[in-house]
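Have a look at the structure below before the remarks.
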Amino acid sequence: NDGEEITYFIRGFSNRAYFSPDGGTTVVPIVPPSETELPETQRFGGISTLLGMSSNNMFAVGSASFDVNESTLEIIESTEDNGCADPDVLAVIPKELCVQRLEDFLYSTEPVKWSIDNDNNYVVESLGTLITPHPDDTRVFVSQALDVNDSGVAVGRSPDWIDENVTEPSSNQSVSVYAVIFKDGEVL
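With the working numbering applied, the sequence shown corresponds to residues 3 to 190, in that order.
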């Protein structure tokens, strides 16, 4: 708004997984569910990470964004208080840059397994987590699958309550991250 032109470089996404079935000739992006299942106004690039693949059966594991954090979405949509739609903010930077600066707080990720077929199509399966946070808990929780075998059994890490007896967590329940196995629809 002061007449000085500034050029910004904006990323289309912060993390994107790719796989190559043929040693690099073909490279296939793995688009996270948040970029295909959420309304267009809530698609900000998403996160997908591929951390391990099986040797023979074309299973891949990692993490992906399925949803956006509601508190961060409120900041993005806010027309006041330095939100990304605030005219005072938009006079200085584009909305996309404002959103990019909030990426660390935008997504909770879930551990996933992709089953890849011979035509390089894939089906994504959320592997689950150990916890279900309180509805008022606005923290970003990160869970990942780190490797998978040819039977589709994956290993990784997931947040869980420090107090193992918690059945109804508070909105700020103490949490830590634990090693887990993802097998037959269960997180162990």
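The beta-carbon is built from N, C-alpha and C at its ideal position, and this holds for glycine as well.
Top-ranked residue by Cα proximity to residue i, from the options
i	options	result
Arg103	Arg141, Gly14, Ser57	Gly14
Asp149	Phe11, Ile183, Ile118	Ile183
Thr28	Ala181, Asn123, Asn17, Ser16	Asn123
Ser178	Gly187, Gly154, Pro135	Pro135
Glu79	Ser65, Gly64, Glu98	Glu98
Val125	Thr38, Thr81, Val189	Thr38
Glu7	Asn167, Thr140, Val33, Ala93	Ala93
Lys115	Ser145, Trp163, Gly154, Ile77	Gly154
Val101	Glu76, Asn120, Thr140	Glu76
Gly158	Gly26, Ser22, Gly130	Gly130
Phe11	Ala181, Ile95, Ser176	Ile95
Asp24	Gln175, Ala156, Asn120, Ser176	Asn120
Asp90	Ile118, Gly64, Asp4, Asn167	Asp4
Gln44	Asp69, Pro137, Asn167	Asp69
Three-state class that DSSP yields for residue i in the structure shown
i	result
Leu148	strand
Val155	coil
Ile12	coil
Ile118	strand
Glu188	strand
Beta-carbon proximity check, residue i vs residue j, cutoff 7 Å
i	j	result
Asn59	Asp186	no
Pro113	Ala62	no
Ser36	Gly54	no
Asn71	Val142	yes
Ser67	Thr111	yes
Leu52	Ala19	yes
Asp162	Leu132	yes
Thr74	Leu108	yes
Pro34	Ser50	yes
Ser145	Ser160	yes
Beta-ladder partner(s) of residue i, from DSSP
i	result
Pro161	Val179
Pro31	Tyr20
Ser128	Val114
Secondary structure, beta strand (DSSP E): runs of 3+ residues fully inside the stretch 34-115: Entirely contained in the stretch 34-115, the beta strand (DSSP E) runs reaching 3 residues are, in chain order, 50-55, 61-70.
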